[in-house]
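J.: Going left to right, the sequence shown walks through residues 662 to 928 as our numbering numbers them.
The C-beta atom is built at its ideal place from N, Cα and C for all residues, glycine as well.
In this text the structure is predicted, and so the values were computed from the model without any measurement.
Here it is, the structure in full.
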Amino acid sequence: MPRPSGHVTYNNTGRVVLVTGGARGIGRSICEQWSASGAQVACLDRDFEDVDNLPPGVLTITGDTSADEDCARAVSTTIAEFGAIDVLVNNAAIQPPDSYRPLHEYTVELWNRITSINLSGYAFMARHALRAMLPQQSGVICNICSAQGYRTAREVAAYGPVKAANLLQARQWGVEYARHGIRVVSVSPGAIMTPMVRATLDAQGGEAALANRAPMGRLGSPEEVAAATLWICSSAASFVTATDLLVDGGIDALAAFAEPYSLPDCD
Ligand SMILES: NC(=O)c1ccc[n+]([C@@H]2O[C@H](COP(=O)([O-])OP(=O)(O)OC[C@H]3O[C@@H](n4cnc5c(N)ncnc54)[C@H](O)[C@@H]3O)[C@@H](O)[C@H]2O)c1
Numbered sequence: 662m663p664r665p666s667g668h669v670t671y672n673n674t675g676r677v678v679l680v681t682g683g684a685r686g687i688g689r690s691i692c693e694q695w696s697a698s699g700a701q702v703a704c705l706d707r708d709f710e711d712v713d714n715l716p717p718g719v720l721t722i723t724g725d726t727s728a729d730e731d732c733a734r735a736v737s738t739t740i741a742e743f744g745a746i747d748v749l750v751n752n753a754a755i756q757p758p759d760s761y762r763p764l765h766e767y768t769v770e771l772w773n774r775i776t777s778i779n780l781s782g783y784a785f786m787a788r789h790a791l792r793a794m795l796p797q798q799s800g801v802i803c804n805i806c807s808a809q810g811y812r813t814a815r816e817v818a819a820y821g822p823v824k825a826a827n828l829l830q831a832r833q834w835g836v837e838y839a840r841h842g843i844r845v846v847s848v849s850p851g852a853i854m855t856p857m858v859r860a861t862l863d864a865q866g867g868e869a870a871l872a873n874r875a876p877m878g879r880l881g882s883p884e885e886v887a888a889a890t891l892w893i894c895s896s897a898a899s900f901v902t903a904t905d906l907l908v909d910g911g912i913d914a915l916a917a918f919a920e921p922y923s924l925p926d927c928d
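What follows is the structure in structure tokens.
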């Protein structure tokens, strides 16, 4: 008799989720899994070119999360189409290959590009979603953060500290809105194979080295992060707020003084 896989299914029929950066990578998988679970899904992305079709019924909204008016429009369009907003997944962020450099080499333009999307974008989206969630006294906001928000990594002078700020956004807002029926949580991926990581593999020492840094000896998949959002935004997690869930193959627990490449290969 085959062993049970432990696969969990969720029923999000009747719930409305807005996902930022949902055209590719982790955000795309979040759109797909939430759609498959019955939710009405709105996907905000600044670029839908050259991407495969999202599942039928997913509402696509073109906009940039660093522009407050685009965030307002994404929330109002979602509500106009689906009647409410129950879940916001703040996922859109950038880690450009040219950002792998020490801070003193940063231009103001590069610093502003990263912080305006990765930090302000999360706050702008949450601000408008909260205005819709407060009257209904319910909702969940989930920030996609990063294992790089917990610990230092090589040459992530802006991305790492801003991810740490995303973690505290969830804690701060989670506390402030807890008595309004609104949970604010975060999910922190380790290295996940997405277009973002593919573009920066060289800066991170190549795929094999990156995989070998994690105790599990592999990169994670976008589906494994999306699955965490399904749980943490579900009623199964109803007493969970103002906290983070690491989905990182164990990398955060790795001894701080371990040599980066000292784990045995897993093949
Ligand atoms: N891939 C990883 O290993 C990894 C690890 C830790 C955390 N994360 C986080 O997961 C999230 C998704 O990462 P990914 O690897 O899937 O990225 P990705 O670059 O593969 O996809 C990001 C998507 O967001 C969109 N986007 C970017 N900026 C936007 C903006 N200003 N407005 C609207 N849409 C925008 C892009 O067009 C793209 O479709 C990010 O928050 C990232 O920091 C990723």
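Go ahead and pull the three-state DSSP assignment for D928.
T.: The residue labelled residue 928 in the question sits at position 267 within the sequence shown. Residue placement at D928 is flagged as unreliable, the pLDDT there being 49, under the threshold of 50; a coordinate-derived value is accordingly withheld.
J.: What did DSSP end up calling T674 once you bin it into helix, strand or coil?
T.: Here residue 674 is taken as the residue at index 13 of the sequence shown, counted from 1. Three-state DSSP puts T674 in coil, outside helix and strand.
J.: Whose CA, out of R844, S666 and V886, lies closest to the CA of R832?
T.: Start at 1 with the first residue of the sequence shown, and residue 832 comes out as number 171. The option with the nearest alpha carbon to R832 is R844.
J.: Locate the beta strand (DSSP E) running through A703, then write down its first and last residues.
T.: Within the sequence shown, numbered from 1, the residue matching residue 703 stands at position 42. Per DSSP, A703 belongs to the beta strand (DSSP E) from Q701 to D706.
J.: Taking C-alpha atoms, which residue in T902, R707, L906 and P850 lies nearest to R879?
T.: Reading the sequence shown from its first residue, position 218 is the one you call residue 879. Minimum Cα distance to R879 is reached at P850.
J.: Taking 8 Å as the threshold (C-beta atoms), are T855 and P876 in contact?
T.: Here the question's residue 876 lines up with position 215 in the sequence shown. Here the question's residue 855 lines up with position 194 in the sequence shown. Going by C-beta atoms, P876 is not nearer than 8 Å to T855.
J.: Nearest-angstrom Cα distance between R792 and S896?
T.: Taking the sequence shown and counting its residues from 1, one reaches residue 792 at position 131. Taking the sequence shown and counting its residues from 1, one reaches residue 896 at position 235. Distance between the alpha carbons of R792 and S896: 22 Å.
J.: Expressed to the nearest angstrom, what Euclidean distance is found between the alpha-carbon atoms of V908 and N827?
T.: Here residue 908 is taken as the residue at index 247 of the sequence shown, counted from 1. Here residue 827 is taken as the residue at index 166 of the sequence shown, counted from 1. Cα to Cα, V908 sits roughly 16 Å from N827.
J.: Is the segment 721-728 in contact with the segment 778-785, if contact means three or more CB pairs nearer than 8 Å?
T.: yes
J.: Reducing DSSP to helix, strand and coil, say where I691 ends up.
T.: Translated into the one-based positions of the sequence shown, residue 691 becomes position 30. Correct three-state label for I691: helix.
J.: Which residue comes first and which comes last in the beta strand (DSSP E) that contains R844?
T.: For the purposes of this step, residue 844 is taken as the residue at position 183 of the sequence shown. Per DSSP, R844 belongs to the beta strand (DSSP E) from I843 to P850.
J.: Between D913 and the rest of its own chain, which residues show a CB-CB distance below 6 Å, the 5 nearest in sequence each way excluded?
T.: Residue mapping note: residue 913 aligns to position 252 of the sequence shown, counting from 1. A808, Y811 and L907.
J.: Judging by CA-CA distance, which residue of S690, R762 and V677 is the nearest neighbour of T739?
T.: Along the sequence shown, one-based indexing puts residue 739 at 78. Answer by Cα proximity: V677.
J.: Does the separation of the CB atoms of A887 and S698 fall below 8 Å?
T.: Along the sequence shown, read from residue 1 onward, the residue named residue 887 stands at position 226. Along the sequence shown, read from residue 1 onward, the residue named residue 698 stands at position 37. Against a cut-off of 8 Å, the Cβ pair of S698 and A887 comes out as no contact.
J.: For V719, which option in W834, S696 and S737 has the closest C-alpha, if you only look at C-alpha atoms?
T.: Your numbering for residue 719 matches position 58 in the sequence shown. Cα-wise, what sits closest to V719 is S696.
J.: What do you reckon, are the CB atoms on P716 and E693 nearer than 8 Å?
T.: In the sequence shown, residue 716 corresponds to position 55, counting from 1. In the sequence shown, residue 693 corresponds to position 32, counting from 1. Yes.
J.: Mind the definition here: the segment 862-877 touches the segment 674-688 only if three or more C-beta pairs lie below 8 Å; say whether that holds.
T.: no
J.: If you draw a straight line from the alpha carbon of I687 to that of P796, how long is it in whole angstroms?
T.: Here residue 687 refers to the residue found at position 26 of the sequence shown. Here residue 796 refers to the residue found at position 135 of the sequence shown. Near 30 Å, if we compare the C-alpha coordinates of P796 and I687.
J.: Helix, strand or coil for D759 per DSSP?
T.: To locate residue 759, count along the sequence shown from 1; it is residue 98. D759 falls in the helix class under three-state DSSP.
J.: Taking Cβ to Cβ, would you say A864 is nearer than 8 Å to Y783?
T.: Residue numbering aside, residue 864 sits at position 203 when the sequence shown is read from its first letter. Residue numbering aside, residue 783 sits at position 122 when the sequence shown is read from its first letter. Not closer than 8 Å, so no.
J.: Compute the Euclidean distance between the alpha carbons of T813 and A825, then round it to the nearest angstrom.
T.: For the purposes of this step, residue 813 is taken as the residue at position 152 of the sequence shown. For the purposes of this step, residue 825 is taken as the residue at position 164 of the sequence shown. Distance between the alpha carbons of T813 and A825: 10 Å.
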